[in-house]
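Residue numbers (this note's numbering): 17 to 221.
Shown next, in structure tokens, is the structure this report addresses.
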Amino acid sequence: MAEAPNGVSGGIAYAELARTGNLDALFALMDTESASKNDRTAYKWLAAASDFGHDEAENMIGDVMEVSSLRYDDDAYETAAAHWELAVAYLEGGEGLPFDLALARKHLEEAFRDHDLEGINAGTKESYAAEPVLARLSGDARALLEAALAGGLGRGAEADEGDEDDGGAILGGAGTMPVAEEEEEHFQGGDSNDEDEDDEDEDGA
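See the structure below:
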């Protein structure tokens, strides 16, 4: 496993590697041993490097998924855990990462794409808890995390919004008279007027 700058380990040092685009060092965090969680760490910080705009990080993430223990992570528990950790870091401005609600939302969506927090814990043997994080947050950051925990982010929420929009369109159209009926009414009204005019002509004659 590679060492962080100046021999310092931990999130702040790895965040600096991600920020500066030292992708080889992040890739070298892997040890292909699932028990150590180092493969997840490599994935996590390469994802952060991608957030910083280092495009090559995406390719290296693909390599991590192919050659490390994460290739056996069929249910995506380990990657979900990595995204949860990044989301919390962006919500708090922790682990050397900036406070960024857009990136926090992105990683919350990824974390909860297939699992809730309880499921992530069950699949990874971690003990992540939302309550302490919520207690440290306020304002928009807290609201974002609460929405994510309630299932209000991601594809499911977008699908629900789409259903509501469709329903509104149907209801909005229900009160509109079909064109054929309007034309038929207009046509019948025209016949009635013509008959009245004919009667008047006969009376005048």
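A virtual CB, placed ideally from N, CA and C, is assigned to each residue, including glycine.
- Query: Any idea what DSSP makes of L161, helix, strand or coil?
  - Reply: helix
- Message: For Y144 and A92, I'd like the C-alpha separation in whole angstroms.
- Response: 16 Å
- In the structure shown, what three-state DSSP assignment does Y59 receive? helix
- Item | Given I136 as reference, the closest of W100, N54 and N75 once Cα atoms are compared | W100
- Residue of M76, A146, V83 and L45 minimising C-alpha distance to A105: A146
- Task: Assign S154 to one of two classes, buried (16 or more other C-beta atoms within 10 Å of its C-beta) or exposed (fewer than that).
- Result: exposed
- Item | Selection from Y88, G110 and A166 that minimises the alpha carbon distance to A51 | Y88
- Task: Figure out for me which residue from S66, M46, A151 and F68 has the closest Cα to the Cα of E82.
- Result: M46
- Query: Is A98 helix, strand or coil by DSSP?
  - Reply: helix
- Task: From the DSSP output, in three-state form, read off A73 for me.
- Result: helix
- Query: Are L102 and K60 touching if we call contact CB-CB under 8 Å?
  - Reply: yes
- So, is A190 buried or exposed, given that buried needs 16 or more other C-beta atoms within 10 angstroms? The pLDDT assigned to A190 is 33, lower than 50, so where the model puts this residue is not dependable; a value taken from the coordinates is nonetheless given after this. The residue is exposed, with fewer than 16 neighbouring Cβ atoms inside 10 Å.
- Using the beta-carbon count (16 or more within 10 Å), is D67 buried or exposed? buried
- Query: CA-CA distance, F43 and M76?
  - Reply: 7 Å
- Distance, Cα to Cα, L133 vs A118? 20 Å
- Task: Check K122 in the structure and name its three-state DSSP category.
- Result: helix
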